[in-house]
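K.L.:
Have a look at this one before I ask anything.
2 protein chains.
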Amino acid sequence: MGTDGAPAPEVEGTLGALGQLDDDVEVILVGDEDAVEAQLELHGDIPRERLGVIDAPDRVRADDPPATVVRRRPDSSIVRGLRLQAAGEVDAFVSAGSTGAVMAASLFILRRLEGVERPAVGTVLPTAGDPVLLLDSGANVDCKPVHLAQFAHLGHIYAQDMLGVERPRVGLLNIGEEPGKGDELAQETHRLLRGDPGLHFVGNVEGREIIEGRCDVLVADGFVGNVLLKFYESVAQFIIGLLQNALEAEGGSAPALDLQEVFRVLDYSEYGGAPLLGVNGVTIICHGGSPPKAIRNAILEAVRSVRAGMVQHLAGDLASASTFRTPA
Amino acid sequence: MGTDGAPAPEVEGTLGALGQLDDDVEVILVGDEDAVEAQLELHGDIPRERLGVIDAPDRVRADDPPATVVRRRPDSSIVRGLRLQAAGEVDAFVSAGSTGAVMAASLFILRRLEGVERPAVGTVLPTAGDPVLLLDSGANVDCKPVHLAQFAHLGHIYAQDMLGVERPRVGLLNIGEEPGKGDELAQETHRLLRGDPGLHFVGNVEGREIIEGRCDVLVADGFVGNVLLKFYESVAQFIIGLLQNALEAEGGSAPALDLQEVFRVLDYSEYGGAPLLGVNGVTIICHGGSPPKAIRNAILEAVRSVRAGMVQHLAGDLASASTFRTPA
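Structure below.
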C-alpha cells in the first residue's frame, strides 16, 4: 500500500515478477483486500496458486512517527507483512511505504543481526562504469566511524551476492584524496577501513569520482548519502528535460533518438528497491513514486537475495569482522 | 599561475575582461614574469596602460600545507597578489590556485571581517530557476550551527549585491522538510535561521529540490557542499557524454542541435569563480581547470564586487546580526 498510486503499481509489478519467476516462487500481497482484489480483477490470467492476498486494513500515515508504527498500526501492510517474515511464512518483504516506518518496523520485528549497531539502507547508483552501492542513503545520521565501517561490511557482502562482484572495491565518500582529508568522521573512518583485512578498501572517493565507477561500495553518513541520492535523481531529470525542450524546439528536424533508451542507465526503476542491510531478514524499500517496473524489479531482487543466502553471508561476515565485535 | 595551463588561460582571460571593462579598470598579472610576458607576446593589441605585470618567481606546490604558504612561499603569486590588496594597491584578487592555499593566505593577509568565525567559499550553481549560491562549498568541515548561520548572512549579502536579489531566500540543505529533520547540526541550524529577523529563511531544502531553484542561498557544511558541487559538475558531463555518444551512433541523421548551447546553463565557467566571503577584501577562487572564459568572468565578478561595495555591506550586516556578536 506504499506507492503514490497504491495498490495499482504493486499489483501490476507483482504480476510482472511472477511472470519472470520460477513456479516455486509465491508472492503474497498484504494490503487493503478490497482494493487489491479490485486491481487484480483488471488483469486477466492471474496465477492464483502463486499469489496470495492478506488483508491489512490500516495504513501508516505520513505524520506517524516511525517508532510508533509497530504499536499503533499493527494492521498496516508494513507491520503485517514483516510479521509474516518473522514468523517464517515468507522469506522477504518489499514495500514502497515510508522509509522511516519500514526501517523502524523491520528493526523491531526482524531484529538486527548480531553485532550490527545500525542497519543501513543501500541504494544502487548508475555510473559510467559498473553500478555502485551507496550506503547509508538516508536512514542514519550523526554516524560514528564504527557505523561507517560496519556499512562497508554490509555493502561488501551485498556487492558479492547481488552485484556479482567477487572482490568488491570499497570507497569512502570524502572531499579529498589523501587519508588526512575530510571531516573528523571521514578521517577516523578512513583509518578503520584501511586497517581492515576483511575489506578491499580503495580509499577516498570524491564527489566528482562517484560517476566514474571507481568503487563498488561507497560508504557515507546518511545525511550526505541522502542529499547525493536525491540530487542525482533530480539532476538527471533536469538535464534530460533541458534536452527534450531543445529537441522539441527543433520541431520536424528532431532526430529519431530514443531518449528513454539513451538514458536507460539513469533509470532507477531498473535497479528495483533499496535493501535494508543488517537486519535478520530481507527488507527491500521502494520509492513512493515507483512504477510497476520498479516493484517488479524489487521483487526479483528480494528473490535473488534469498536464493543467494545473503543474510546468512552477512551474519558470517559480521562474526569474523573486528568492527562488529562488541567492545569488551 | 594557478590553472593547469598557467599562465595561458589567465592571460587570455584577462585580455578578454579588459576588452569588456571600462577604461578605468586595471588588471595586474602576478606570476612568473617571463612566462607571462611570453604569453602576452602571443596576443596583439595589448592595452599596456591598463595591464601590469608583477613578478612572482615562486610557486605554491600541491603538497604545501595551506597554513604554511604565507611563510614558506612569500614570492608566490598567491601571497604577492594578496599583499597587493592588503596594501591597498589593488581592490580584489583572483586566483585559480589551490583553494586551501588561497583561503589560508587570504585569512592571514586580508584578515577576517569582525565577528566572522569562518569565512566560507560560495559557489553559484545553475538550476532550473535562478542560480543558487551554495556555501560553504568545501572550505569548512565539522561546522557548528553558528557557522552555518553566519554563512547564511554572508550569502544573503552576496545574493543582494551580486545576484541582484532584493530579498534573498535562504534555504538549509537537509534530508527532510520538517524542522525536526536531519542531523544535529541541521536541526540546531534550522532553529537559529528560523529565529533570525535579518534573513528570509525558507526552510529546509532537500537534495531533490536544489535543482528547482527554491532558494537563492543554500547553506551547508563544507563536507556535503563539496560532495554536492563536485558531483554536480561530473554528472552533468556524464549525462552530456551519454547523449553525445548516442547522437554519434545515429551518424548522418544526427540533428543540428548545438549541445553546447542546450547545456550552456550547466556551464560553470559562465559564473566565473567562487567568492571567499567573510574576509576583509575580495578574493575570487577559480577552478584549476578554468578556461579563459572562466578567468574573464571571475575578473568581471571581482570588479562588480568592488563596485557594489560588497565587503562594506557584509561588514554592516555582520555588525547588526546577532549571529556575529561575540558571545559575552
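Protein sequence lines correspond, in order, to chains Y and Z.
Residues 1 to 328 (the numbering used here) are what the first sequence spells out, left to right.
Residues 1001 to 1328 (the numbering used here) are what the second sequence spells out, left to right.
No residue lacks a Cβ here, since even glycine has one placed at the ideal position from N, Cα and C.
Given the structure is predicted, the values throughout are model-derived calculations rather than measurements.
Would you be able to state if there are at least three C-beta pairs under 8 Å between the region 270 to 279 of chain Y and the region 73 to 89 of chain Y?
P.N.:
no
K.L.:
Quick check: N204 (chain Y) and N174 (chain Y), are their CB atoms within less than 8 Å of each other?
P.N.:
Here residue 204 (chain Y) is taken as the residue at index 204 of the first sequence, counted from 1. Here residue 174 (chain Y) is taken as the residue at index 174 of the first sequence, counted from 1. Contact flag set, yes.
K.L.:
Please give the ranges of any beta strand (DSSP E) in the region 1083 to 1120 of chain Z, keeping only runs that are unbroken, at least 3 residues long and fully inside the region.
P.N.:
1093 to 1095
K.L.:
When DSSP labels each residue in this structure, what does G1013 (chain Z) get in the three-state scheme?
P.N.:
Taking the second sequence and counting its residues from 1, the one referred to as residue 1013 (chain Z) is at position 13. The answer is helix: DSSP assigns G1013 (chain Z) an H, G or I state.
K.L.:
Please report the Cβ distance between A152 (chain Y) and L193 (chain Y), rounded to the nearest whole angstrom; I am assuming they are in contact, meaning their Cβ atoms lie under 8 Å.
P.N.:
In the first sequence, residue 152 (chain Y) corresponds to position 152, counting from 1. In the first sequence, residue 193 (chain Y) corresponds to position 193, counting from 1. About 6 Å separates the beta carbons of A152 (chain Y) and L193 (chain Y), which is inside the 8 Å limit, making them a contact pair.
K.L.:
For a quick check, are the C-beta atoms of V27 (chain Y) and I299 (chain Y) less than 8 Å apart?
P.N.:
Here the question's residue 27 (chain Y) lines up with position 27 in the first sequence. Here the question's residue 299 (chain Y) lines up with position 299 in the first sequence. Yes, Cβ-Cβ distance for V27 (chain Y) and I299 (chain Y) is below 8 Å.
K.L.:
Using CA coordinates, which residue listed in Y:G88, Y:I157, Y:M162, Y:D196 is at the minimum distance from S322 (chain Y)?
P.N.:
Stepping through the first sequence from its first residue, residue 322 (chain Y) is reached at position 322. For the residues Y:G88, Y:I157, Y:M162, Y:D196, the minimum Cα distance to S322 (chain Y) belongs to Y:D196.
K.L.:
Alpha helix (DSSP H) containing A1035 (chain Z): first to last residue?
P.N.:
Position 35 of the second sequence, counted from the first residue, corresponds to residue 1035 (chain Z). A1035 (chain Z) -> alpha helix (DSSP H) spans 1033 to 1041.
K.L.:
Against K230 (chain Y), what residues of chain Z qualify as contacts under a CB-to-CB distance less than 7 Å, listed in chain order?
P.N.:
To locate residue 230 (chain Y), count along the first sequence from 1; it is residue 230. Ordered by position in chain Z, the residues that pass the 7 Å Cβ test against K230 (chain Y) are E1206, G1207, R1208.
K.L.:
Thinking just about the alpha-carbon of each residue, which of Z:P1292, Z:L1154, Z:K1181 is nearest to the one in A1006 (chain Z)?
P.N.:
Position 6 of the second sequence, counting from 1, holds the residue named residue 1006 (chain Z). Among Z:P1292, Z:L1154, Z:K1181, the Cα nearest to that of A1006 (chain Z) is on Z:P1292.
K.L.:
Would you say G122 (chain Y) lies against chain Z (beta-carbon separation less than 8 Å)?
P.N.:
In the first sequence, the residue the question calls residue 122 (chain Y) occupies position 122. No, its Cβ sits nowhere closer than 8 Å to a Cβ of chain Z.
K.L.:
Taking a Cβ distance cut-off of 7 Å, strictly less, list which residues of the region 1136 to 1156 of chain Z are near chain Y, in chain order.
P.N.:
G1138, V1141, D1142
K.L.:
Distance check for L42 (chain Y) and G207 (chain Y), CA to CA, integer angstroms please.
P.N.:
The residue you call residue 207 (chain Y) lines up with position 207 of the first sequence. The residue you call residue 42 (chain Y) lines up with position 42 of the first sequence. Their Cα atoms are separated by approximately 46 Å.
K.L.:
Please list the segments of the alpha helix (DSSP H) lying wholly inside the region 1271 to 1310 of chain Z, counting only runs of 4 or more residues, in order along the chain.
P.N.:
1292 to 1308
K.L.:
Taking the alpha-carbon of G1129 (chain Z) as reference, which of Z:I1211, Z:G1309, Z:E1010 has the nearest alpha-carbon?
P.N.:
Numbered from 1 along the second sequence, position 129 holds the residue referred to as residue 1129 (chain Z). For G1129 (chain Z), the closest alpha carbon among the candidates Z:I1211, Z:G1309, Z:E1010 is that of Z:I1211.
K.L.:
Which residues does DSSP pair with I54 (chain Y) in a beta bridge?
P.N.:
One-based indexing of the first sequence puts residue 54 (chain Y) at position 54. Partner(s): Y:V30.
K.L.:
Below 8 Å on the Cβ atoms is my guess for G1281 (chain Z) versus V1311 (chain Z); work out the distance and round it to an integer in Å.
P.N.:
Counted from its first residue, the second sequence places residue 1281 (chain Z) at position 281. Counted from its first residue, the second sequence places residue 1311 (chain Z) at position 311. With 8 Å as the limit, G1281 (chain Z) and V1311 (chain Z) qualify as a contact, their Cβ atoms being about 6 Å apart.
K.L.:
For the region 231 to 244 of chain Y and the region 178 to 188 of chain Y, state whether three or more C-beta atom pairs, one from each stretch, are separated by less than 8 Å.
P.N.:
no
K.L.:
Report the three-state DSSP secondary structure of G2 (chain Y) (helix, strand or coil).
P.N.:
Within the first sequence, residue 2 (chain Y) is the residue found at index 2, counting from 1. Coil.
K.L.:
For V224 (chain Y), which residues in chain Z fall below 7 Å Cβ to Cβ?
P.N.:
If you number the first sequence from 1, residue 224 (chain Y) lands on position 224. Within chain Z, the C-beta atoms nearer than 7 Å to that of V224 (chain Y) come from F1223, V1224, V1227, in chain order.
K.L.:
When we look at the beta-carbon of D1075 (chain Z) and count the other beta-carbons within 10 Å, is it buried (16 or more) or exposed?
P.N.:
Translated into the one-based positions of the second sequence, residue 1075 (chain Z) becomes position 75. Per the 10 Å Cβ criterion, exposed.
K.L.:
Considering only residues of the region 153 to 241 of chain Y, which uninterrupted beta strand (DSSP E) runs meet the minimum length of 3 residues and lie entirely inside it, listed in chain order?
P.N.:
169 to 173, 200 to 205, 217 to 219
K.L.:
Any C-beta of chain A within less than 7 Å: which residues of the region 1166 to 1181 of chain Z qualify?
P.N.:
The structure shown contains no chain A; the protein chains it does contain are Y and Z.
K.L.:
Tell me the DSSP secondary structure of T1123 (chain Z) in three-state form.
P.N.:
Within the second sequence, the letter at position 123 stands for residue 1123 (chain Z). T1123 (chain Z): strand per DSSP, three-state reduction.
K.L.:
Select from Y:D161, Y:F238, Y:V146, Y:E37 the residue whose C-alpha is nearest the C-alpha of E301 (chain Y).
P.N.:
Translated into positions along the first sequence, residue 301 (chain Y) becomes position 301. When only C-alpha atoms are compared, the closest one is Y:D161.
K.L.:
Can you pull the DSSP bridge partners for L133 (chain Y)?
P.N.:
On the first sequence, residue 133 (chain Y) is found 133 positions in, with the first residue counted as 1. Paired residues: Y:V124, Y:V217.
K.L.:
Could you tell me the distance, in whole angstroms, from the CA atom of Q1189 (chain Z) to the CA atom of A92 (chain Y)?
P.N.:
Residue mapping note: residue 1189 (chain Z) aligns to position 189 of the second sequence, counting from 1. Residue mapping note: residue 92 (chain Y) aligns to position 92 of the first sequence, counting from 1. Correcting the residue identity first, residue 1189 (chain Z) is Thr in this sequence and not Gln. So the two alpha carbons sit approximately 39 Å from each other.
K.L.:
Within the 8 Å Cβ cut-off, does D243 (chain Y) reach chain Z?
P.N.:
Reading the first sequence from its first residue, position 243 is the one you call residue 243 (chain Y). Residue identity differs from the one stated: residue 243 (chain Y) is Leu in this sequence, not Asp. Answer yes: the Cβ-Cβ gap between L243 (chain Y) and chain Z drops below 8 Å somewhere.
K.L.:
Keeping to the same chain, check which residues put their C-beta closer than 6 Å to that of G1222 (chain Z); ignore five residues upstream and five downstream.
P.N.:
By 1-based counting over the second sequence, the position of residue 1222 (chain Z) is 222. Cβ within range, chain order: D1136, G1138, A1139, N1140, V1141.
K.L.:
Quick one: what's got a C-beta closer than 7 Å to Q1237 (chain Z)'s C-beta in the same chain, skipping five residues either side?
P.N.:
For the purposes of this step, residue 1237 (chain Z) is taken as residue 237 along the second sequence, with counting starting at 1. Around Q1237 (chain Z): no qualifying Cβ.
K.L.:
Can you check whether the C-beta of E1301 (chain Z) is within less than 8 Å of a C-beta belonging to chain Y?
P.N.:
Counting from 1 along the second sequence, the entry for residue 1301 (chain Z) is found at position 301. No, E1301 (chain Z) does not count as interfacial toward chain Y.
K.L.:
Between the Cα of I1109 (chain Z) and the Cα atoms of Z:D1023, Z:V1070, Z:E1049, Z:G1052, which residue gives the shortest distance?
P.N.:
Position 109 of the second sequence, counted from the start, is the residue given in the question as residue 1109 (chain Z). For the residues Z:D1023, Z:V1070, Z:E1049, Z:G1052, the minimum Cα distance to I1109 (chain Z) belongs to Z:V1070.
K.L.:
Taking the straight line between their C-alpha atoms, what separation do you get for A1254 (chain Z) and G241 (chain Y)?
P.N.:
Start at 1 with the first residue of the second sequence, and residue 1254 (chain Z) comes out as number 254. Start at 1 with the first residue of the first sequence, and residue 241 (chain Y) comes out as number 241. Low confidence applies to A1254 (chain Z): its pLDDT is 49, below 50, so where it sits in the model is not reliable, and the reading given next is rough at best. Their Cα atoms are separated by approximately 19 Å.
K.L.:
Would V1011 (chain Z) pass as a contact of V1036 (chain Z) if the rule is Cβ separation under 8 Å?
P.N.:
Indexing the second sequence from 1 puts residue 1011 (chain Z) at position 11. Indexing the second sequence from 1 puts residue 1036 (chain Z) at position 36. Their beta carbons are under 8 Å apart, which means V1011 (chain Z) touches V1036 (chain Z) by this criterion.
K.L.:
Determine the contact status of A62 (chain Y) and S98 (chain Y), defining contact as a CB-CB distance below 8 Å.
P.N.:
On the first sequence, residue 62 (chain Y) is found 62 positions in, with the first residue counted as 1. On the first sequence, residue 98 (chain Y) is found 98 positions in, with the first residue counted as 1. A contact, by the Cβ cut-off of 8 Å.
K.L.:
Going by CA-CA distance only, name the one from Z:G1213, Z:R1112, Z:D1032 that's closest to I1054 (chain Z).
P.N.:
Residue 1054 (chain Z) sits at position 54 when you count from the first residue of the second sequence. Ranking Z:G1213, Z:R1112, Z:D1032 by Cα distance to I1054 (chain Z) puts Z:D1032 first.
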